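Below is one structure, written out as structure tokens; comments come after it.
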Amino acid sequence: MQSFFNWLYPLIVSWFYQKKSVSFGLYKAEVFNSVGFYTLLLALALVIVFYFIFNNARISLNRLGWSRPTHWLLVWLAAAGLGALVAYQVSTQQGVAPDAYLRYFIVANTLVAALWFLLFSLLLKRLPFGSQARAVPFL
Amino acid sequence: MTRFFHSRPGRWPALAVLGLLLGTAACTSDEELNNRAAGKTEATTAPAAPATADASKPAPLRVNVFLELSGGMKGFMPVNTAATQPTEFQDYVSQLASRTHSSPAVADAQFLLALQDTPTVTSYKHFRDVVQGDTHEAAKGTELPDMLENMLALPGAADKVNVVVSDFIYGPQDKSAIALMKVRMTDALATVSKKQLAVAMLASTSRFHGTFHPAVKTPQKQLAVAGQPLPYYVWVIGPPALVGRYLNEVTPGGGAQQAFFGLALPKVDYAAVLTQVKAGSPLAPGGEGSVSFATGEPSTQLDVSDVKAGVEFTVALNLAQLPAAWRESAFLNKNLRARLNGGTVGIVPNSVQPVKDEAALSAYTHTLRLRLTALPREAATLQLALPAPETPAWVAAWSTQNDNQLSDPPHTYRLSDIVAGVRGAFPTPLPPVFTADFTLTQD
Chain A
1 MQSFFNWLYP
11 LIVSWFYQKK
21 SVSFGLYKAE
31 VFNSVGFYTL
41 LLALALVIVF
51 YFIFNNARIS
61 LNRLGWSRPT
71 HWLLVWLAAA
81 GLGALVAYQV
91 STQQGVAPDA
101 YLRYFIVANT
111 LVAALWFLLF
121 SLLLKRLPFG
131 SQARAVPFL
Chain H
1 MTRFFHSRPG
11 RWPALAVLGL
21 LLGTAACTSD
31 EELNNRAAGK
41 TEATTAPAAP
51 ATADASKPAP
61 LRVNVFLELS
71 GGMKGFMPVN
81 TAATQPTEFQ
91 DYVSQLASRT
101 HSSPAVADAQ
111 FLLALQDTPT
121 VTSYKHFRDV
131 VQGDTHEAAK
141 GTELPDMLEN
151 MLALPGAADK
161 VNVVVSDFIY
171 GPQDKSAIAL
181 MKVRMTDALA
191 TVSKKQLAVA
201 MLASTSRFHG
211 TFHPAVKTPQ
221 KQLAVAGQPL
231 PYYVWVIGPP
241 ALVGRYLNEV
251 TPGGGAQQAF
261 FGLALPKVDY
271 AAVLTQVKAG
281 SPLAPGGEGS
291 VSFATGEPST
301 QLDVSDVKAG
311 VEFTVALNLA
321 QLPAAWRESA
331 FLNKNLRARL
341 NGGTVGIVPN
351 SVQPVKDEAA
361 LSAYTHTLRL
371 RLTALPREAA
381 TLQLALPAPE
391 TPAWVAAWST
401 QNDNQLSDPP
411 HTYRLSDIVA
421 GVRGAFPTPL
431 PPVFTADFTL
441 TQD
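What follows is the structure, given as structure tokens:
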């Protein structure tokens with residue numbers, strides 16, 4: 001999994017920024033992997049919260065009526081934002097240099113978080129756990 | 001429940017997908033945790049590794065200590081009274097013998113007196129007494145090459161550390177042999193060449209009270225010396241690793257000059273310092289480009305990018321096995337070399353320094369900084385090496401053509417030739433003291 005993240009993140013960052021950080025070694029050793037995992041779990045958690053808690057037919061929360069595409073979009077943006085936050089937090093905690101690469105890595109993880117959320121949404125929303133929002137974001 | 005499972009066939013694939021996802025997530029996170037745990041333990045045990053290597057180091061040293069006991073040596077070992085100070089020679093050799101006798105690094109120490117042709121085994125106690133002035137056994141000296149040859153011919157001598165204490169005055173009986181001094185010395189050290197042993201020379205001076213027998217016999221056959229300093233030498237001959245260890249762990253400090261031949265280490269521990277320190281640290285990678293471990297885990301396989309912009313990183317070395325003189329930052333700064341075929345690499349000037357309080361690098365003794373500015377397209381080997389220094393300059397300064405008069409500073413008759421003979425027992429160029437290789441790949 002580490003090698004997957006070590007492949008994915010440099011690839012996405014390289015779309016925006018061709019240079020590598022001085023701390024690239026640290027990114028490869030720790031940061032990509034930790035951030036990758038946290039982001040994956042974050043997206044999964046938000047998908048579960050949106051479809052199977054907020055919009056669960058048997059939990060009274062669904063009376064809130066949060067089953068519109070707009071609501072999904074809001075959670076999607078939250079996932080992306082939290083992805084950026086995770087990238088920033090983990091990176092600085094690991095002690096990488098605060099350079100341009102870090103900024104583009106945060107951008108990259110924002111995209112990755114959004115991507116995971118979208119993928120998990122499409123994959124999981126039809127699971128038989130009583131989601132009322134199967135039509136969201138689209139059929 | 002059954003309602004869910006029968007209502008829509010479309011759910012089955014979705015369920016399978018969820019299972020698969022959770023499964024892979026669980027597996028990978030497990031694996032991940034294991035990896036992390038392994039990485040963590042590796043990181044924590046890494047500094048401990050050399051310690052365990054120390055503990056499991058091959059059998060403790062076996063040492064032969066030879067003292068040349070000839071008429072010419074008696075002056076270094078006068079009988080002292082309550083009012084006289086022992087000579088520096090007596091201080092140093094007593095301490096050397098004592099440490100060899102009691103050091104935990106030494107399993108078996110044998111003390112020998114080089115009297116006539118064959119060295120005589122003696123007890124530590126008697127050896128100590130001899131150094132303190134009990135020199136009545138002193139015999140006519142053996143010629144230096146013969147003495148060395150006889151010592152190295154003792155059974156098992158090539159696997160032991162042989163310590164020779166002598167004034168190393170070589171005045172051939174046969175005057176025609178003077179021209180052959182070098183060759184005679186090299187021949188005497190044939191065992192050293194064949195078995196690839198190392199020779200370390202420690203040179204000092206000591207007050208001398210008695211009759212000095214110069215190698216050059218005219219105008220005087222002997223000189224009366226009353227307390228002037230004369231040179232004496234301690235040579236340590238044996239397998240390189242053992243000689244290094246003996247020098248570091250047993251010999252007392254304070255020899256004036258040193259020369260080493262054949263002291264090559266088969267392996268030193270080294271590592272690129274990339275992820276071990278935080279970004280702000282002066283030891284963290286620097287420059288405009290980047291360098292990283294190819295697999296993310298610490299290794300000697302490095303990925304480098306943007307070399308043109310300049311890449312700087314730190315290498316940590318464990319040089320604990322080197323003799324103290326070679327661990328000096330000044331010496332290392334002057335002598336360490338970095339080489340990269342098809343690329344450009346340099347050691348940042350004066351960047352070699354001892355490791356200070358950096359917990360992550362406690363397994364290493366020194367750090368240095370490399371600067372890469374060009375890299376060939378294909379994978380290349382970066383080699384860090386300490387070329388073995390040639391004969392140091394003090395040898396010529398301590399050497400004289402005529403020792404028939406006392407001089408200040410004191411000299412030894414044709415020391416240059418003797419040392420050149422020792423040098424002749426080793427290949428040219430001398431093999432490097434150690435090398436450290438990294439494989440660099442353009443990322």
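Protein chains in written order, with the UniProt record's numbering: chain A, 1 to 139; chain H, 1 to 443. Ideal Cβ placement from N, Cα and C applies to all residues, glycine included. Treat the numbers as computed from the prediction; the structure is a model and nothing was measured.
{"query": "Is there a Cβ of chain H sitting closer than 7 Å to that of residue 97 of chain A, yes or no?", "result": "yes"}
{"query": "Less than 7 Å separating the beta-carbons of residue 278 of chain H and residue 95 of chain A?", "result": "yes"}
{"query": "With 16 as the cutoff for other CB atoms within 10 Å, does residue 102 of chain H come out buried or exposed?", "result": "exposed"}
{"query": "Does the beta carbon of residue 108 of chain A sit closer than 7 Å to a beta carbon anywhere in chain H?", "result": "no"}
{"query": "Looking only at its own chain, which residues have a Cβ that is under 6 Å from the Cβ of residue 34 of chain A, when we skip the five neighbours before and after it?", "result": "90"}
{"query": "Given that residue 306 of chain H touches chain A, what residues does it touch there, using C-beta distances under 7 Å?", "result": "19, 20"}
{"query": "Residues of chain A with CB closer than 7 Å to the CB of residue 290 of chain H, please, in chain order.", "result": "20, 21, 22, 24"}
{"query": "With distance defined between alpha-carbon atoms, name the residue in H:180, H:220, H:72, H:246 nearest to residue 105 of chain H.", "result": "H:246"}
{"query": "Could you confirm whether any beta carbon from chain D is found closer than 7 Å to the beta carbon of residue 274 of chain H?", "result": "Included in the structure are the protein chains A and H, with no chain D among them."}
{"query": "What does the alpha-carbon distance come out to for the pair residue 412 of chain H and residue 142 of chain H?", "result": "17 Å"}
{"query": "If you measure from the beta carbon of residue 38 of chain H to each beta carbon in chain A, is any gap under 7 Å?", "result": "Bear in mind that a pLDDT of 41 at residue 38 of chain H, under 50, signals an unreliable position, so the number given afterwards is only what the model happens to contain. Not one chain A Cβ lies under 7 Å of residue 38 of chain H."}
{"query": "According to DSSP, simplified to helix, strand and coil, what is residue 235 of chain H?", "result": "strand"}
{"query": "Quick check on the DSSP output: the beta strand (DSSP E) that includes residue 146 of chain H runs from which residue to which?", "result": "Taken as a continuous stretch (DSSP letters only), residue 146 of chain H belongs to no beta strand (DSSP E), being part of the alpha helix (DSSP H) at 144-152."}
{"query": "Compare the C-alpha of residue 117 of chain A against each of A:13, A:51, A:16, A:65 and name the closest.", "result": "A:51"}
{"query": "Please confirm if the stretch 65-81 of chain H is in contact with the stretch 198-216 of chain H, defined as three or more CB-CB distances below 8 Å between the two stretches.", "result": "yes"}
{"query": "From the DSSP output, in three-state form, read off residue 81 of chain A for me.", "result": "helix"}
{"query": "Check residue 162 of chain H in the structure and name its three-state DSSP category.", "result": "strand"}
{"query": "Which chain H residues are close to residue 6 of chain A, counting only those with a beta carbon under 7 Å from its beta carbon?", "result": "296"}
{"query": "For residue 366 of chain H, write down the residues that DSSP places opposite it in a beta bridge.", "result": "H:317, H:354"}
{"query": "From the DSSP output, in three-state form, read off residue 77 of chain H for me.", "result": "coil"}
{"query": "State whether the stretch 198-206 of chain H contacts the stretch 249-262 of chain H, with contact taken as three or more CB pairs (one from each stretch) at a distance under 8 Å.", "result": "yes"}
{"query": "Between which two residues does the beta strand (DSSP E) carrying residue 201 of chain H extend?", "result": "198-212"}
{"query": "Confirm, please, whether the CB-CB distance from residue 440 of chain H to residue 385 of chain H is below 7 Å.", "result": "no"}
{"query": "Would a check of beta-carbon distances place residue 29 of chain A closer than 7 Å to chain H?", "result": "yes"}
{"query": "Ignoring anything shorter than 4 residues, give me the alpha helix (DSSP H) runs that lie fully in the stretch 173-199 of chain H, in order along the chain.", "result": "181-188, 190-195"}
{"query": "Using only alpha-carbon positions, find the residue among A:28, A:14, A:53 that is nearest to residue 132 of chain A.", "result": "A:53"}
{"query": "Any beta carbon of chain A sitting closer than 7 Å to that of residue 279 of chain H?", "result": "yes"}
{"query": "With three or more C-beta pairs closer than 8 Å as the rule, is the stretch 397-406 of chain H touching the stretch 330-337 of chain H?", "result": "no"}
{"query": "Is it right to say residue 119 of chain H is buried, meaning 16 or more other beta carbons lie within 10 angstroms of its own, or is it exposed?", "result": "buried"}
{"query": "Roughly how many angstroms separate the alpha carbons of residue 327 of chain H and residue 433 of chain H, rounded to a whole number?", "result": "12 Å"}
{"query": "What distance in whole Å lies between the Cβ atoms of residue 410 of chain H and residue 205 of chain H, which are believed to be in contact at a cut-off of 8 Å?", "result": "6 Å"}
{"query": "When burial is assigned at 16 or more other CB atoms within 10 Å of the CB, is residue 59 of chain A buried or exposed?", "result": "exposed"}
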